[in-house]
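Only one structure is covered here, and it is reproduced in the block below.
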Amino acid sequence: MSGNKKDTVDFHHYTDKESVKKIQKSGVILQSDESGGGDDAAFGPGAYGTTLTPDSGKKALAKNNYDDAGGLAQEKIARRKIGLRI
């Protein structure tokens, strides 16, 4: 480490309120996958996140975080996903 304050990066995981409660209780972010007909994990199983902050705007976040096939980004906005900074 160089001692520079930019040695760390804020990383944001976006999910719904119910999942935030589960993460806070367990301290674990479960991986996304496509099992059970899920609509996430476009790049394979894993825990997804971004450096985009909540003030980036819902449209920018949805475009970044979700494959927009079939209007998925707009659906996620409508479902009011919220951010959890980790």
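If you're matching positions, the sequence shown starts at 1 in the UniProt record's numbering and goes up one per residue.
Backbone N, C-alpha and C define an ideal beta-carbon position, used for all residues, glycine too.
Exposed or buried, residue i, counting other C-beta atoms within 10 Å across all chains shown (16 or more means buried)?
{"i": "Asn64", "result": "exposed"}
{"i": "Leu30", "result": "exposed"}
{"i": "Ala42", "result": "exposed"}
Mind checking who residue i pairs with in its DSSP beta bridge?
{"i": "Gly46", "result": "Ser32"}
{"i": "residue 99", "result": "Nothing about residue 99 can be reported from this structure: the residues present for the chain run from 1 to 86 only."}
Taking residue i as the reference, give the member of the options with the closest Cα.
{"i": "Lys58", "options": "Pro45, Thr15, Lys25", "result": "Thr15"}
{"i": "Phe11", "options": "Asp55, Thr51, Lys21, Lys25", "result": "Thr51"}
{"i": "Ser32", "options": "Lys21, Pro45, Ser26, Val20", "result": "Pro45"}
{"i": "Tyr48", "options": "Gly27, Tyr66, Lys22", "result": "Tyr66"}
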